[in-house]
Amino acid sequence: MDVFKIAVKVFASADHFASDQFVPIFQHWIRDQSVEGHRLIDVADYGHVVNGPGTVLISSEANFYMDRAESRLGLLYVRKLPNEGSFENRLAAAVKEAAKAAARLEGEPEMKGKLKFKTDELLIRLNDRLLAPANEQTVKAAKPTVEALAKKLFGDKAKVESRFTPETQVEFWIRSTENPPLATLAAR
618 MDVFKIAVKV FASADHFASD QFVPIFQHWI RDQSVEGHRL IDVADYGHVV NGPGTVLISS
678 EANFYMDRAE SRLGLLYVRK LPNEGSFENR LAAAVKEAAK AAARLEGEPE MKGKLKFKTD
738 ELLIRLNDRL LAPANEQTVK AAKPTVEALA KKLFGDKAKV ESRFTPETQV EFWIRSTENP
798 PLATLAAR
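Every letter in the sequence shown is one number past the one before it in this note's numbering, and letter 134, counting from 1, is 751.
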C-alpha cells in the first residue's frame with residue numbers, strides 16, 4: 618500500500634455555524650503561516666453547496682475543510698503531497714494533523730466555547746483512485762493498518778468498519794466508546 622492521499626475527518630459535536638464564520642480564522646492562519654509543515658495559500662467558501670466542502674483552507678501540502686459532507690460538520694484534512702515513510706506512518710500523520718488543526722480551531726477566540734470536536738468517531742478516506750481503487754482488494758490491503766492505528770488511538774474500545782461503492786473511494790470509520798481530548802488523540 619503506497620497511498621499518500623489520505624483524508625481524515627474529525628466531527629464537530631454540533632453545527633450551528635454559518636460557513637463564512639471560518640473564513641476570517643483561516644485567513645488569519647494564512648497571514649501567520651500558523652500550521653507547521655504546511656505552506657498556507659488561500660481560502661475558498663463553498664457554503665452554498667448543500668452537504669458540500671464548506672470553507673477550504675488551501676495549502677501546498679494538504680487542504681483543510683470545515684465541511685458538511687455526510688450531513689455533519691467536521692474538520693476534514695486532505696493530504697495532497699507525499700509524506701515520508703510507510704503507509705502506516707502516513708496514515709498516523711494525517712490523523713495527527715487533523716486532530717491538531719481541530720484543536721487549534723477550537724481554541725480560536727471566535728470559537729472558544731462554541732465549537733467542540735468529538736474524537737469517538739473518525740472518518741478515513743483513501744483519496745486516490747489509482748493507488749487505492751474502490752474495491753475489496755484495497756480494503757483488505759489497508760484494513761490491518763487502519764485497525765492497528767485504531768488500537769493505538771483507542772485500545773480495545775475501537776471498532777473499524779469499511780465501505781465503498783464503484784463510484785466512491787474506500788472509507789474506514791473508526792468508532793470508539795472513548796472520547797479523548799484532541800491533544801491526547803494527536804499525541805497517541
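Note that the Cβ used here is the ideal one computed from N, Cα and C, for glycine as well.
Rounded to the nearest angstrom, what separates residue i and residue j at their Cα positions?
i      : j      : result
LEU799 : LEU739 : 12 angstroms
TYR694 : MET683 : 9 angstroms
ARG792 : SER703 : 24 angstroms
LYS768 : GLU705 : 13 angstroms
GLY772 : GLU714 : 20 angstroms
HIS655 : HIS633 : 28 angstroms
LYS626 : ASP649 : 24 angstroms
Assuming residue i and residue j are in contact, meaning their beta carbons sit under 8 angstroms apart, how far apart are those beta carbons, in whole angstroms?
i      : j      : result
ARG707 : GLU678 : Their Cβ separation, rounded to whole angstroms, is 12 angstroms, which puts ARG707 and GLU678 out of contact at 8 angstroms.
ALA711 : PHE734 : Contact doesn't hold; Cβ gap of about 16 angstroms is too wide.
LEU692 : LEU722 : 6 angstroms
THR672 : ASP662 : 5 angstroms
THR785 : ALA751 : 6 angstroms
ALA624 : ASN744 : 5 angstroms
Within the continuous alpha helix (DSSP H) that includes residue i, where are the two ends?
i      : result
LEU748 : Taken as a continuous stretch (DSSP letters only), LEU748 belongs to no alpha helix (DSSP H), as it is neither H nor E.
ARG805 : Run containing ARG805: none; DSSP gives neither H nor E here.
PHE704 : 704-724
LYS768 : 753-771
Count the other CB atoms within 10 Å of the CB of residue i; is the residue buried (16 or more) or exposed (fewer)?
i      : result
GLU788 : buried
LYS622 : buried
LEU698 : exposed
Shorter than 7 angstroms from the beta carbon of residue i to some beta carbon of chain C?
i      : result
ARG721 : Judged by its chain identifiers, the structure shown contains no chain C, having just a single protein chain.
Which residues does DSSP pair with residue i in a beta bridge?
i      : result
VAL575 : Outside the shown range of the chain (618 to 805) lies residue 575, about which nothing can therefore be said.
ARG780 : GLU788
From what residue to what residue does the beta strand (DSSP E) around residue i run?
i      : result
ARG648 : From DSSP, ARG648 is part of no beta strand (DSSP E) but of the alpha helix (DSSP H) over 640-649.
ARG742 : 734-743
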